[in-house]
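Numbering (the working numbering), first residue to last: -18 to 101. Note that the Cβ used here is the ideal one computed from N, Cα and C, for glycine as well. Here is the structure we will look at, set down as structure tokens.
Shown next as structure tokens:
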């Protein structure tokens, strides 16, 4: 498996797509030495999606997969508000509101803007 930096991926994106599409190669994109994304052949993604569907249907695995999906959504919600949170001094009440927004995956940015207006 090949690793490239985000800068290399940006510069050589067409080559990376060809390596995944035609060469069936997985390419990991890193940022600050941390893996952040992968470019994989579409067939592999389809197999992964099918496997996840089978596992979701199995009672033994469905709850674990749901937990993973909730964590993924919470991480995405955090990414939406992180830049605003960095500049916001949180009171205990507003901190609880932000945590609630992240955990329940609602549109966090609009809610945080509303919270910031309320704090003024």
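Using a Cβ-Cβ distance cut-off of 8 Å, the segment 4 to 18 and the segment -17 to -7 are in contact, since at least three pairs of beta carbons, one from each stretch, lie closer than that value. Our two residues, residue 28 and residue 14, have alpha carbons roughly 28 Å apart in a direct line.
Residue 1 counts as buried, since at least 16 other C-beta atoms from the protein chains shown sit within 10 angstroms of its C-beta. Excluding sequence positions up to five before and after residue 17, its CB lies within less than 8 Å of the CB of -13, 10 and 11, all in the same chain and listed in chain order. Residue range 23 to 38 is occupied by the alpha helix (DSSP H) that includes residue 30. The beta-carbon distance between residue 46 and residue 37, rounded to whole angstroms, is 5 Å. This is short enough to meet the 8 Å contact definition.
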